[in-house]
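Undergrad:
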Amino acid sequence: MLSNAEIGIDLGTANILIYTKTKGIVLNEPSVVAIDVNTKQVVAVGTEAKQMVGKTPKNIIPIRPLRDGVIADYDVTAQMLKAFLKKVSKKMGLSMRKPTVVVCTPAGSTAVERRAIHNAISSYGAKHVHIIEEPVAAAIGADLPVDEPIANVIVDIGGGTAEVGIISFGGVVSSNSVRVGGDRMDEEIIQYIRKKYNILIGERTAENIKMEIGYAYEDHPEQTMEIRGRDMVTGLPKTVTISSKEVYAALKESLEQILEAIRATLEDCPPELSGDIVDRGIVLTGGGALLHGMQEWLTREIIVPVHLAPNPLESVAIGTGRAIKMISKLQKIAK
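Take the sequence shown: its position 32, counted from the start at 1, is 19 in our numbering, and no numbers get skipped.
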């Protein structure tokens, strides 16, 4: 029995990851909950719930309780967290009574949003809840020396937000957060195909398009993909072929906003740390970092080295777990 387990939670808009000191990443599932509207009961969470998106009867609604990196539906988020933490205790064969939890929030989140996250975790029975800023967690998870007096620039492109932070001495020196991430990119693809082809596609199809033929820069080798959707005129299923150049056109605006956030953060950097950035460059984490050509495009645009974190999808979760022993060093922690 482990009465005071130490857990790190990456409360992501797209996925929730749970990290424990002894086992590493023990859960990585979509932040989706399927609810029966008649009984208000949770029918499924995570992967099982995501598979239901767009395929359920009217009384069961799959919802995403986290939007733009923050809690949109407090009660559902609390239920989802309880279900995931139960799953983890069962999987590990541990009774996680009164765990110490470190959870991350976007750098630009308000006190109200932080309090909602704190309360959602506390309602599970956590002994201590520490809140850490996402760029710091991502930097720790990407093996950057955050507690040293050197500039560590992290760009974390998640499902709901893109976080840019310059971290030195364990704290955020300069940061920017834009509510643009994987979800917004999927939405842009849906709207583009709707306008150009008069076809309606779902979120899962849009995500597949982005992962298969999405590119961050225009002059890439063109690729095509067949997609199926519902014709908005006839209402019947229809198949069309789209190209990666079209996907780039759909994503261009979102990418420009992320670039603008990076530039604004670098402009706010103290002159003493600017030299480190030229030498050490910036590190990309999050699912958005895996978009084809993201590294090359950013290197070209901001003219400093751009590196990909060892585990881009898991960096924040690993960082929250490791942060437990660094709590005293981190300046931006609020209980």
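Glycine residues also receive a C-beta, built at the ideal position from the N, C-alpha and C atoms.
In whole angstroms, what is the alpha-carbon distance linking V32 and I12?
TA: Cα-Cα distance, rounded: 18 Å.
Undergrad: Give the DSSP-derived three-state secondary structure of Q210 in the structure shown.
TA: If DSSP states are grouped into helix, strand and coil, Q210 belongs with coil.
Undergrad: Taking only three categories from DSSP, how would you classify G33?
TA: If DSSP states are grouped into helix, strand and coil, G33 belongs with coil.
Undergrad: Where does Q28 land, buried or exposed, given buried means 16+ other C-beta within 10 angstroms?
TA: It is exposed - the Cβ of Q28 has fewer than 16 other Cβ atoms within 10 Å.
Undergrad: Report yes or no: do three or more beta-carbon pairs, one from the stretch 83 to 94 and one from the stretch 105 to 117, lie closer than 8 Å?
TA: Result yes; three or more Cβ-Cβ pairs closer than 8 Å.
Undergrad: Give the list of continuous beta strand (DSSP E) stretches no shorter than 3 residues that lie fully inside the stretch 89 to 173.
TA: Correct list: 115 to 120, 139 to 144, 149 to 155 and 158 to 165.
Undergrad: Which residue's Cα is closest to the Cα of N15: S241, K183 and F71?
TA: Nearest option by C-alpha distance: F71.
Undergrad: Does the stretch 244 to 258 come close enough to the stretch 142 to 152 to have 3 or more Cβ pairs within less than 8 Å?
TA: Yes: the two stretches touch, three or more of their Cβ pairs being nearer than 8 Å.
Undergrad: Three or more C-beta pairs under 8 Å: does that hold for the stretch 235 to 242 against the stretch 256 to 267?
TA: The stretch 235 to 242 is not in contact with the stretch 256 to 267.
Undergrad: Ignore the nearest five residues each way along the sequence and tell me which others in I188's own chain have a CB closer than 7 Å to its CB.
TA: Contacts found: I177, I180, I214 and G216.
Undergrad: So does the stretch 277 to 286 actually touch the stretch 305 to 312, counting three or more Cβ pairs closer than 8 Å?
TA: No, they do not touch.
Undergrad: If D263 sits next to A138, beta carbons under 8 Å apart, how far is it from one beta carbon to the other, in whole angstroms?
TA: At roughly 4 Å, the Cβ-Cβ gap stays under 8 Å, so D263 and A138 are in contact.
Undergrad: Of the residues P208, N2, S302 and T7, which one's Cα is nearest the Cα of V20?
TA: Checking every option, the nearest Cα to that of V20 belongs to N2.
Undergrad: Could you tell me which whole alpha helix (DSSP H) segments of length 4 or greater appear in the stretch 232 to 294?
TA: Qualifying alpha helix (DSSP H) stretches, in chain order: 258 to 267 and 281 to 289.
Undergrad: Going by the CB atoms, is the gap between Q210 and S241 shorter than 8 Å?
TA: Contact: no.
Undergrad: Taking Cβ positions, are A276 and I144 nearer each other than 8 Å?
TA: Cβ distance < 8 Å, so A276 and I144 count as in contact.
Undergrad: I'd like the list of long-range same chain contacts for Y204, defined as Cβ closer than 6 Å, with 5 residues on each side in sequence excluded.
TA: Cβ neighbours of Y204 beyond the five flanking positions: G280 and W284.
Undergrad: For the putative contact between P49 and T43, defined by C-beta atoms under 8 Å, what is the C-beta separation to the nearest angstrom?
TA: Confirmed, Cβ separation roughly 6 Å.
Undergrad: Just to confirm, is the Cβ distance from V57 to S110 under 8 Å?
TA: The answer is no: Cβ separation not under 8 Å.
Undergrad: Relative to the alpha-carbon of I47, which residue among A59, V30, E175 and T34 has its alpha-carbon at the smallest distance?
TA: Out of A59, V30, E175 and T34, V30 has the C-alpha closest to the C-alpha of I47.
Undergrad: Can you give me the start and stop residues for the alpha helix (DSSP H) that K197 sits inside?
TA: First-last of the alpha helix (DSSP H) with K197: E190 to I200.
Undergrad: Going by C-alpha to C-alpha distance, which of K77, N185, P258 and Y202 sits closest to G222?
TA: Of the listed residues, the one whose Cα sits closest to G222 is N185.
Undergrad: Would you mind reading off the limits of the beta strand (DSSP E) that contains V20?
TA: First-last of the beta strand (DSSP E) with V20: V20 to D23.
Undergrad: Tell me, which residues are paired with Q28 by DSSP?
TA: DSSP output for Q28 lists D23 as bridge partner(s).
Undergrad: Buried or exposed: where does P17 fall if 16 or more other Cβ atoms within 10 Å of its Cβ makes it buried?
TA: Its Cβ being crowded by 16 or more others within 10 Å, P17 is buried.
Undergrad: Which same chain residues, not among the five before or five after E344, have their C-beta less than 8 Å away from its C-beta?
TA: Examination of residue 344 is not possible in this model, given that the chain is present from -12 through 322 alone.
Undergrad: Tell me which same chain residues have a C-beta within less than 7 Å of the C-beta of T307, skipping the five on either side of it?
TA: These residues qualify, in order along the chain: G(-5), I(-4), D(-3), Y6, V89, V90, C91, I119 and A124.
Undergrad: What is the residue span of the beta strand (DSSP E) that I311 lies within?
TA: First-last for I311: undefined, no H or E at that position.
Undergrad: With DSSP as the reference, identify every bridge partner of L72, one or two as the case may be.
TA: Bridge partners of L72: none, in fact.
Undergrad: In the DSSP output, what is R217 paired with across the bridge?
TA: Note: R217 sits in a beta bridge opposite L187 and P224.
Undergrad: What's the C-alpha gap between L300 and K78?
TA: For L300 and K78, the distance between alpha carbons rounds to 21 Å.
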